[in-house]
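Chains as they are written, first to last, in my numbering: chain A, 5 to 268; chain B, 5 to 268. No residue lacks a Cβ here, since even glycine has one placed at the ideal position from N, Cα and C. Structure first, commentary second.
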DNA sequence: AGTATACACTTCCCTAGGGAAGTTGTCAAG
DNA sequence: CTTGACAACTTCCCTAGGGAAGTGTATACT
């Protein structure tokens, strides 16, 4: 029985039904902050769903949704019949995305794409295996260099299925296709893709193109895209010098997460 | 108007109420497969929630849950008042995890940790800034080399807050702490952490320790952990040669995802 | 003592709606 | 022709439960 406290700065203890924020998000924020403040520590059991219902005066379905949300975030874990528990931070659960990379593609006045090559070649063994075609079959080969403010930012090589009946060629050659791939809104033929990130050294050719000294570290980002028939459509890779890109991730509850909305 | 087709292998068209699989997951699989098969293409509008209710004979709440699930996956997007639409694949939505890294830490007979250094030093400027302490204040410095089958796998350096009143020292020095950090189950003092991944060259010292030729590309994984008082506790970085680690991710609907359960 | 059962507890999934809020198209009034 | 009201959609959030399934404990029985 807590006596009605002063509504401190952002220190919510009850669900405000008149708020524009949904109840399930408000509850998520309350629990998140309690975990962040150490009210519940890793390994501790959280109040049961029915307890939370009574405590905050909301229906089970809404509580359930909050629990699912926090479980998705990796903050808590649930075990049927036992309870829900606070998880300790796990490095292996950290995830990072390609948002930093997306910024590189952002088109503005300073951005410039130079198409170095675009021709039909015959597939070598590695390309043929990736694209699931016969060795020696014709494929489209493109090379391009992306610069920003006269400074080379990354180098892209790709092999595309050669199929005159399809307009994929122009779409892929187009500068905007890449940018659309990152920014979304491209209603393309691509259904599925796999990505692979490695760390690598620039080759001499790459170092020259990217105007970097040798040796120079870089990210190697490989992509392989499939169409709606589950056939490979394009395979290629980006070479991005180390000074142009880095990835960040977080684990656990950040202080900011607990204060701001933090919804999905 | 499709005429009732033969129930092909795994080609579910209705919700099976006797299945062990929840209805919302079955519906997610149905929609996922329809998207994968091109029944709904990027940009297309999906049937409305009430239509799905009638079509599959389930309640709105269950449909809602499916929609949320697929939206979380990034497969569809919803717009209030307009409808729900199939999204094209977006590279910027790809997420990479650190599971590959977790495997490196997996302790077995072949794994071996060599503690190269563990002593108290005074913080230089960079360390002091990261750990939010005074320049010159004492900190614990540790260096260790992790090998597998006699082959060096990564090199770790870290600076820890020097606080004799806390047992963090032993916990961090312990080999298992690292592994626990990845595998979970550590109910530690750590509340929050930030990670930073870059591509780098091995220094001469690192190359020698890791038994790699120079030059050699590597991942640089920096970590900064905070305790429950929001004070930095440890700062350090892993150096992982390029041949020991790579990250993978997928975008769009993979054929397997559409067939298997794929629920969370 | 050891075993089986019942009970209290948990999470989990689901029903069958109602109402708020946003979008779009229609249609009448100006 | 333009504008504004309105209806018909949509997604979104929520209620107030019920039942299934898993877990742990206390109790009764062999």
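Between residue 208 of chain B and chain A, the shortest Cβ-Cβ separation is not below 7 Å.
Contact between residue 255 of chain B and residue 94 of chain B holds, since their C-beta atoms are separated by about 7 Å, short of 8 Å. When DSSP states are grouped into helix, strand and coil, residue 216 of chain A belongs to the coil group. At least 7 Å separates the beta-carbon of residue 144 of chain A from that of residue 117 of chain A. The alpha-carbon separation between residue 109 of chain B and residue 102 of chain B amounts to approximately 11 Å. In the three-state reduction of the DSSP assignment, residue 202 of chain A falls in the strand class.
Residues 135, 137, 143, 144, 172, 235, 236, 237 and 238 of the same chain have their beta carbon placed closer than 8 Å to that of residue 165 of chain B, with the five preceding and five following residues left out of the count. Near chain B, meaning a CB-to-CB distance below 7 Å, the residues of the stretch 219 to 243 of chain A are 219, 221, 222, 223, 232 and 234. For residue 96 of chain A, the closest Cβ of chain B is nearer than 7 Å.
When C-beta distances to chain A are compared with 8 Å, the residues of the stretch 33 to 66 of chain B below that value are 40, 41, 42, 45, 46, 47 and 65, in chain order. Counting along the chain, the unbroken beta strand (DSSP E) around residue 155 of chain A starts and ends at 155 to 165. The C-beta distance from residue 127 of chain B to residue 115 of chain B rounds to 31 Å, too long to meet the 8 Å contact threshold. Ranking A/38, A/252, A/63 and A/227 by CA distance to the CA of residue 242 of chain A puts A/227 first.
Counting every other CB atom within 10 Å of its CB across the protein chains shown gives residue 203 of chain A a total of 16 or more, marking it as buried. For secondary structure counted as the beta strand (DSSP E) over 3 or more consecutive residues, the stretch 57 to 99 of chain A holds these complete runs in sequence order: 80 to 83 and 87 to 90. The C-alpha of residue 17 of chain A is placed about 22 Å away from the C-alpha of residue 195 of chain B.
Beta-bridge partners of residue 150 of chain B (DSSP): B/117 and B/158. Contact annotation: in the stretch 144 to 167 of chain A, no residue has its CB less than 9 Å from a CB in chain B. In the displayed model, residue 109 of chain A falls within a helix according to three-state DSSP.
The three-state secondary structure of residue 104 of chain A, taken from DSSP, is helix. Residues of chain B whose Cβ lies closer than 7 Å to the Cβ of residue 110 of chain A do not exist, since the nearest Cβ in that chain is about 11 Å away.
Annotated as proximal: residue 149 of chain A and residue 120 of chain A, with beta-carbon spacing under 7 Å. Residue 41 of chain A sits in coil when the DSSP states are folded into three classes, being neither helix nor strand. For residue 152 of chain A, the closest C-alpha among the options A/62, A/107 and A/47 is that of A/107. Using beta-carbon distances, residue 116 of chain A does not count as an interface residue toward chain B, since no partner is under 7 Å. The DSSP assignment places 221 to 231 and 236 to 245 as complete runs of the beta strand (DSSP E) inside the stretch 207 to 251 of chain B, in order along the chain (cut-off: 3 residues). Linking residue 47 of chain B to residue 64 of chain B through their CA atoms gives a straight-line distance of about 23 Å. At least one CB of chain B lies nearer than 7 Å to the CB of residue 251 of chain A.
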